[in-house]
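Under the numbering used here, think of the first position of the sequence shown as 131, with each following residue one higher. By construction, the Cβ of each residue, glycine as well, lies at the ideal position given by its N, Cα and C atoms. These numbers come from a predicted model, not from an experiment.
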Amino acid sequence: MSFLNEEYRDRGIKKWAGFYLSEHTAVQEKLSSERTKVNQQKRQMNQGEIEIVINESIVKNKSVAIQLENVDQNGFYYDDVVGHIVGGDELGIFINNTKVDFDEIRNIQFVVLKKWNNTDDDV
131 MSFLNEEYRD
141 RGIKKWAGFY
151 LSEHTAVQEK
161 LSSERTKVNQ
171 QKRQMNQGEI
181 EIVINESIVK
191 NKSVAIQLEN
201 VDQNGFYYDD
211 VVGHIVGGDE
221 LGIFINNTKV
231 DFDEIRNIQF
241 VVLKKWNNTD
251 DDV
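Written out as structure tokens, the structure is:
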């Protein structure tokens with residue numbers, strides 16, 4: 131027994147997996163799923179359809195989600211630009227603080243934004 135005590139030297143590395151909190155592992159899983167998320171291509175809308183949705187959004191103060199024609203280096207679509215139309219000019223519209231040119235819009239849809247204070251537990 132003394133032979134093992136004299137020859138064995140621990141490298142001092144801790145086993146970190148046992149120290150992770152459940153919140154930490156949940157965040158790690160969420161980040162991993164976001165990296166593998168792929169936004170599906172939506173139907174290409176014509177200019178008339180886009181104008182109808184934009185006009186109704188402005189008149190009725192509805193939120194919209196816009197899929198842009200832009201794709202990343204892998205050919206996947208970016209996340210939709212989501213929010214209220216707050217202004218515009220002859221080239222495009224402003225969604226919150228983001229400028230979207232008319233020729234960049236592939237698809238635009240109405241969306242209902244969940245408020246931060248709404249929870250499923252409210253009675």
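N204 and F224 have their C-alpha atoms spaced approximately 27 Å apart. Q239 is bridged by DSSP to A195. With three or more CB-CB distances shorter than 8 Å, the region 233–247 counts as touching the region 170–185.
Around the beta carbon of S162, fewer than 16 other beta carbons lie within 10 angstroms, which makes this residue exposed. Between L243 and D231, the C-beta spacing is not below 7 Å. In this structure, the CA atom of V189 is about 43 Å from the CA atom of E153.
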